[in-house]
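2 protein chains.
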Amino acid sequence: MFNFDYYNPTRILFGTERIADIGKHIPADARVLITYGSGSAKKFGTVDEARAALGNRKIHEFAGIEANPHFDTLMKAVDLVKEKKITFLLAIGGGSVVDGTKFIAAAALYHGDVWEMWSKKLPIKRVMPLGCVMTLPATGSESNGTAVVTHTGLGAKVGYSHPLLFPQFAVLDPRKSYTLPARQVANGVVDAFVHVIEQYLTYPAYGKVQDRFAEGLLLTLIEEGPKALIKSENYNVRATITWSATLALNGLIGVGVPQDWATHRIGHQLTALYNLDHAQTLAVLLPALLHVQRDTKHLKLLQYADRVWNLREGGEESRITAAIDKTRDFFESMGVKTRLSDYGLPESAIDEVMDNLERFNMLPQGEHQDIDAVAARRILSLSY
Amino acid sequence: MFNFDYYNPTRILFGTERIADIGKHIPADARVLITYGSGSAKKFGTVDEARAALGNRKIHEFAGIEANPHFDTLMKAVDLVKEKKITFLLAIGGGSVVDGTKFIAAAALYHGDVWEMWSKKLPIKRVMPLGCVMTLPATGSESNGTAVVTHTGLGAKVGYSHPLLFPQFAVLDPRKSYTLPARQVANGVVDAFVHVIEQYLTYPAYGKVQDRFAEGLLLTLIEEGPKALIKSENYNVRATITWSATLALNGLIGVGVPQDWATHRIGHQLTALYNLDHAQTLAVLLPALLHVQRDTKHLKLLQYADRVWNLREGGEESRITAAIDKTRDFFESMGVKTRLSDYGLPESAIDEVMDNLERFNMLPQGEHQDIDAVAARRILSLSY
Numbered sequence: 001m002f003n004f005d006y007y008n009p010t011r012i013l014f015g016t017e018r019i020a021d022i023g024k025h026i027p028a029d030a031r032v033l034i035t036y037g038s039g040s041a042k043k044f045g046t047v048d049e050a051r052a053a054l055g056n057r058k059i060h061e062f063a064g065i066e067a068n069p070h071f072d073t074l075m076k077a078v079d080l081v082k083e084k085k086i087t088f089l090l091a092i093g094g095g096s097v098v099d100g101t102k103f104i105a106a107a108a109l110y111h112g113d114v115w116e117m118w119s120k121k122l123p124i125k126r127v128m129p130l131g132c133v134m135t136l137p138a139t140g141s142e143s144n145g146t147a148v149v150t151h152t153g154l155g156a157k158v159g160y161s162h163p164l165l166f167p168q169f170a171v172l173d174p175r176k177s178y179t180l181p182a183r184q185v186a187n188g189v190v191d192a193f194v195h196v197i198e199q200y201l202t203y204p205a206y207g208k209v210q211d212r213f214a215e216g217l218l219l220t221l222i223e224e225g226p227k228a229l230i231k232s233e234n235y236n237v238r239a240t241i242t243w244s245a246t247l248a249l250n251g252l253i254g255v256g257v258p259q260d261w262a263t264h265r266i267g268h269q270l271t272a273l274y275n276l277d278h279a280q281t282l283a284v285l286l287p288a289l290l291h292v293q294r295d296t297k298h299l300k301l302l303q304y305a306d307r308v309w310n311l312r313e314g315g316e317e318s319r320i321t322a323a324i325d326k327t328r329d330f331f332e333s334m335g336v337k338t339r340l341s342d343y344g345l346p347e348s349a350i351d352e353v354m355d356n357l358e359r360f361n362m363l364p365q366g367e368h369q370d371i372d373a374v375a376a377r378r379i380l381s382l383s384y
Numbered sequence: 001m002f003n004f005d006y007y008n009p010t011r012i013l014f015g016t017e018r019i020a021d022i023g024k025h026i027p028a029d030a031r032v033l034i035t036y037g038s039g040s041a042k043k044f045g046t047v048d049e050a051r052a053a054l055g056n057r058k059i060h061e062f063a064g065i066e067a068n069p070h071f072d073t074l075m076k077a078v079d080l081v082k083e084k085k086i087t088f089l090l091a092i093g094g095g096s097v098v099d100g101t102k103f104i105a106a107a108a109l110y111h112g113d114v115w116e117m118w119s120k121k122l123p124i125k126r127v128m129p130l131g132c133v134m135t136l137p138a139t140g141s142e143s144n145g146t147a148v149v150t151h152t153g154l155g156a157k158v159g160y161s162h163p164l165l166f167p168q169f170a171v172l173d174p175r176k177s178y179t180l181p182a183r184q185v186a187n188g189v190v191d192a193f194v195h196v197i198e199q200y201l202t203y204p205a206y207g208k209v210q211d212r213f214a215e216g217l218l219l220t221l222i223e224e225g226p227k228a229l230i231k232s233e234n235y236n237v238r239a240t241i242t243w244s245a246t247l248a249l250n251g252l253i254g255v256g257v258p259q260d261w262a263t264h265r266i267g268h269q270l271t272a273l274y275n276l277d278h279a280q281t282l283a284v285l286l287p288a289l290l291h292v293q294r295d296t297k298h299l300k301l302l303q304y305a306d307r308v309w310n311l312r313e314g315g316e317e318s319r320i321t322a323a324i325d326k327t328r329d330f331f332e333s334m335g336v337k338t339r340l341s342d343y344g345l346p347e348s349a350i351d352e353v354m355d356n357l358e359r360f361n362m363l364p365q366g367e368h369q370d371i372d373a374v375a376a377r378r379i380l381s382l383s384y
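Those sequence lines, one after another, are chains F and Y.
Counted from 1, the first sequence has number 202 at position 202 by our numbering; the numbering is strictly sequential.
Counted from 1, the second sequence has number 149 at position 149 by our numbering; the numbering is strictly sequential.
(1) Starting from F/Ala147, trace the beta strand (DSSP E) in both directions and tell me its first and last residue.
(2) Between the beta-carbon of F/Arg11 and the beta-carbon of F/Asp173, is there less than 7 Å?
(3) Check distances from the C-beta atoms of the region 187–212 of chain F to those of chain Y and list, in chain order, the residues that come in under 7 Å.
(4) By Cβ distance below 7 Å, which residues in the same chain neighbour F/Ala305 in space, the five residues on each side in sequence not counted?
(5) Kindly list, in the order they appear in chain F, the residues whose Cβ is closer than 8 Å to that of Y/Ala239.
(6) List the residues of chain F that Y/Phe166 touches, going by C-beta distances under 7 Å, in chain order.
(7) At 9 Å on the CB atoms, spell out the chain B contacts of F/Ile12, in chain order.
(8) Spatial neighbours of Y/Leu340 within its chain, please: CB distance less than 7 Å, with the 5 preceding and 5 following residues excluded, ordered by chain position.
(9) So, at 6 Å on beta carbons, what are the nonlocal neighbours of Y/His70 in its own chain, with the 5 sequence-adjacent residues on each side left out?
(10) So, using beta-carbon positions, are Y/Thr35 and Y/Ile65 closer together than 7 Å?
(11) Considering only heavy atoms of the ligand ZN, does any lie closer than 6 Å to the CB of Y/Tyr36?
(12) As an exercise, report each continuous beta strand (DSSP E) stretch of at least 3 residues that is fully enclosed by the region 12–41 of chain Y, in chain order.
(13) Can you round the beta-carbon distance between Y/Gly296 and Y/Asp342 to whole angstroms, since I take them to be within the 8 Å contact cut?
(14) So which residues of chain Y does F/Trp243 contact, with C-beta pairs closer than 7 Å?
(15) Three or more C-beta pairs under 8 Å: does that hold for the region 182–196 of chain F against the region 213–224 of chain F?
(16) For Y/Ile92, report the span of its alpha helix (DSSP H) as first-last.
(17) Which of the three DSSP states, helix, strand or coil, is assigned to F/Pro174?
(18) Flag this pair as yes or no: are the beta carbons of F/Asn68 and F/Asn250 separated by less than 7 Å?
(19) Of the choices Y/Thr327, Y/Tyr274 and Y/His60, whose alpha-carbon is the least far from that of Y/Glu83?
(20) So the candidates are Y/Pro287, Y/Gly207 and Y/Gly45; which of them puts its Cα closest to the Cα of F/Glu224?
(21) In the structure shown, what three-state DSSP assignment does F/Val368 receive?
(22) Does DSSP put F/Phe4 in a helix, in a strand, or in coil?
(23) Name the two residues that bound the continuous alpha helix (DSSP H) containing F/Ala63.
(24) Residues of the region 298–318 of chain Y in Cβ contact with chain F at a cutoff of 9 Å, in chain order, please.
(25) With a threshold of 7 Å between beta-carbons, can Y/Thr73 be considered close to chain F, or not?
(26) Identify the residues that DSSP records as bridge partners of Y/His70: which are they?
(27) Can you look up Y/Tyr160 in the DSSP assignment and give me helix, strand or coil?
(28) Since F/Glu332 meets chain Y, which of its residues come closer than 7 Å, beta carbon to beta carbon?
(29) Counting Cβ pairs closer than 8 Å, one from the region 117–137 of chain Y and one from the region 236–248 of chain Y, do we hit at least three?
(30) What number of angstroms, rounded off, separates the C-alpha of F/Ser40 from the C-alpha of F/Ala245?
(31) Comparing the C-beta of F/Asn236 with each C-beta of chain Y, is any distance below 7 Å?
(32) What does F/Leu247 touch in chain Y if you count any residue whose Cβ is under 9 Å from its own?
(33) Which of the three DSSP states, helix, strand or coil, is assigned to F/Leu380?
(34) Leaving aside the five residues before and after Y/Trp115 along the sequence, list all residues of the same chain whose C-beta is less than 7 Å from its C-beta, in chain order.
(35) Name the residues in the region 10–35 of chain F whose C-beta lies less than 9 Å from a C-beta of chain Y; which are they?
(36) In chain Y, what lies closer than 8 Å to F/Glu217 by C-beta?
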């Protein structure tokens, strides 16, 4: 097991009627900016619930943070923060709103070129305090220090991590997901699943507990994910998916073991260039990546086949192929297509993505740093 | 799944050479009291390592915190804290030293009768900041807000929990456990195992991830525990046990599900009265408790038999009996005896423990609060 630091100070407020408790965790004299997305947070009453919980604090709102939040949009919020002398940020939405609000928290107190800081991962010293109310379980952003922001002008989607960016609290009310379209629910399950895989399917490093926890999350998502598509108002199913998504990316399962974020990093380019949903890019790329990397991931793929998919018969290569097929079938069963061609992309997309990966110096990737341009092109070709 | 709060702000510094990093997490002008136990922290150089990492901060030492730390001992440390104007506490040792140091942290800033506060669980408003260096993986005290203190004058062993009592950091260097006697290593594995069981073996509450995580910890302790007895200097085995023990009681696996701490609470009386090792009391009581409570725990016992012990053949009752027998065998294989009579206790011990449970109003216990005096006596009789 490798040396590691684990630090996660976010307070989780999980369950029904928890928004009422946020007032306890925000200073009484705070000037609060509520950030949200396309309007469902407002339409379904969550913004009003938060306003009620905030009592007579001064409140402003910033709406319109889009999926894969845009630098230009977020900089408008930064202006509002300065103009209204905001002292606390409250994000209401899914991962994009929380990610965007983390960016606002960092940018509002940064002196200098904000995009340079973000894209070059320059250090920050202060951020504004933030909390969040999650309405879409998926990204784990509610209890980690990472955010991904898209710069449409540059065609770039760039992640940034800093311990100061952990939300101070996260309200997770599983009922808030009842009103989501099936596509978003399915995307969330696929996103969480792939987060787990990227911290698990590398090579054995004596992370025995980490492996068991990862396998537990995968088994749970396989069991509960499809139930969420059948019936939206099943509290326990939604609660289980919500908590699984948080645990998939709160830093816990990845401590002390190798990680491989190539699927996410290549996928970001597909979103930046073709606007595919984030989870669609993962569902397309992961099975292809596992095929291309099957030799270096051999031992963990066998463990995955055994413990997650109960595949114990036949030769090693056939068990590995079956496990990858099962993974693809799971995504398809969630209604998420697994081929670039399913989304109507031209074959030239492969060249475009390769251009982006090279332009932003994003290669090599992988736990052995062996996903170079040749391997990345093979993955993209197999994804088509 | 029940509503829950999850909050754990302790920073984990895991691995080799991590003591060197504690200086980053203690104020530069701190006046530090290093607390430890019977002297092995000093003898094996850990106190000196910490002193080196603290640089030119003012340092005092308080030695002699015993297993199941005593109120009288700890109050002497409180006097020293006041006399030397200490501002930061650094515990070096196992769960007893950390528990005792939490007590010192609370008592030093409490105005009023300290034992009354502790035993009646009165609220506290401030504690001294503390960090710890763990040398014995077992109790999870390094990243939770709970401590247990023994008052020898009253024959009482009493736990107290408060969010302010989380250590600010915990150094977990698995090599520090190499020098432990086998008995302490075995005790640690048994203690961690029972911590998991007490948050898991109750009734189904749709805690699907919590169950998988708990089962993952149990499977890991069963796999790795015996290896630690064969060869002391096996880094990965010790690292796995260390991390498992932390995760067993850092609050994570118990969120949103019922819990049953009867084994610990009854066991505390056996330690207070007869000075049995804490883990010995658990190894004695747990198999008996599972037998007595087998009807109310029926469904989870079947799940435990299946997923932890691979028991899938035969009738339900025989599978449950086999799972309980396997549990007892595991403790015995770790060298921890599982009968009160093995420790030379007289049969009158049963009456003595029952007297204590009644005198301190510790009944009923259990996830259904159905472990009353009759059930507790049955458990103790079966333990003999």
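Glycine residues also receive a C-beta, built at the ideal position from the N, C-alpha and C atoms.
The short version:
(1) Counting along the chain, the beta strand (DSSP E) containing F/Ala147 begins and ends at Thr146 to His151.
(2) Cβ atoms of F/Arg11 and F/Asp173: not closer than 7 Å.
(3) If you check each beta-carbon in the region 187–212 of chain F against every beta-carbon of chain Y, the ones closer than 7 Å belong to Tyr206, Lys208, Val209 and Arg212.
(4) Closer than 7 Å at the Cβ level, and outside the excluded window around F/Ala305, lie Leu311, Arg319, Ile320, Ala322 and Ala323.
(5) For Y/Ala239, the C-beta contacts it makes with chain F under 8 Å involve Met1, Tyr206 and Gly256, in order along the chain.
(6) The premise fails here: Y/Phe166 is roughly 10 Å from chain F at the closest Cβ pair, so nothing lies under 7 Å.
(7) Absent here is chain B; the protein component of the structure consists of chains F and Y.
(8) Answer for Y/Leu340: Val284, Ala349, Ser383 and Tyr384, listed in chain order.
(9) By the criterion of a C-beta distance shorter than 6 Å, Y/His70 is surrounded in its chain by Thr150 and Thr152, once the five residues flanking it on both sides are discounted.
(10) Yes, they are a contact pair.
(11) Judged by which ligands are present, the structure shown has none, so any question about the ligand ZN falls away.
(12) For the beta strand (DSSP E) assignment, the uninterrupted runs of no fewer than 3 residues enclosed by the region 12–41 of chain Y are, from N- to C-terminal side, 31–35.
(13) The question names Gly, but residue 296 of chain Y in the sequence shown is Thr. Distance from Y/Thr296 to Y/Asp342 at the Cβ level is roughly 28 Å; contact not present, criterion being Cβ atoms closer than 8 Å.
(14) Val209, listed in chain order.
(15) Cβ pair count under 8 Å is three or more, so yes.
(16) Y/Ile92 -> not in any alpha helix (DSSP H); beta strand (DSSP E) instead, spanning Phe88 to Gly93.
(17) Note: F/Pro174 maps to helix in three-state DSSP.
(18) Cβ atoms of F/Asn68 and F/Asn250: not closer than 7 Å.
(19) Comparing Cα-Cα distances from Y/Glu83 to each of Y/Thr327, Y/Tyr274 and Y/His60, the minimum goes to Y/His60.
(20) Out of Y/Pro287, Y/Gly207 and Y/Gly45, Y/Gly207 has the C-alpha closest to the C-alpha of F/Glu224.
(21) Per the sequence shown, residue 368 of chain F should be read as His rather than Val. Assignment of F/His368 by DSSP, reduced to helix, strand and coil, places it in the coil class.
(22) The three-state reading of DSSP puts F/Phe4 in strand, counting E and B together.
(23) The continuous stretches of alpha helix (DSSP H) do not include F/Ala63, and DSSP gives it neither H nor E.
(24) The residues in question: there are none.
(25) Chain F, which has no Cβ nearer than 7 Å to the Cβ of Y/Thr73, makes this no.
(26) Partner(s): Y/Thr150.
(27) Residue state for Y/Tyr160 is assigned as strand, using DSSP reduced to three classes.
(28) Residues of chain Y passing the Cβ test: none, with the nearest at roughly 23 Å.
(29) Taking one beta carbon from each stretch, the region 117–137 of chain Y and the region 236–248 of chain Y have 3 or more pairs nearer than 8 Å; the two touch.
(30) For F/Ser40 and F/Ala245, the distance between alpha carbons rounds to 21 Å.
(31) Taking Cβ atoms only, chain Y reaches closer than 7 Å to F/Asn236, which makes this a yes.
(32) Within chain Y, the residues near F/Leu247 are Val209, Phe213 and Leu252.
(33) Residue state, collapsed to three classes: helix.
(34) Excluding positions up to five away in sequence, the list reads Phe71 and His151.
(35) Taking a C-beta cut-off of 9 Å against chain Y, the contacting residues of the region 10–35 of chain F are Thr10, Arg11, Ile12, Leu13, Phe14, Gly15, Thr16, Glu17, Arg18 and Asp21, listed in chain order.
(36) The identity of residue 217 of chain F in the sequence shown is Leu, whereas the question assumes Glu. Against chain Y, a Cβ distance below 8 Å from F/Leu217 picks out Val209 and Arg212.
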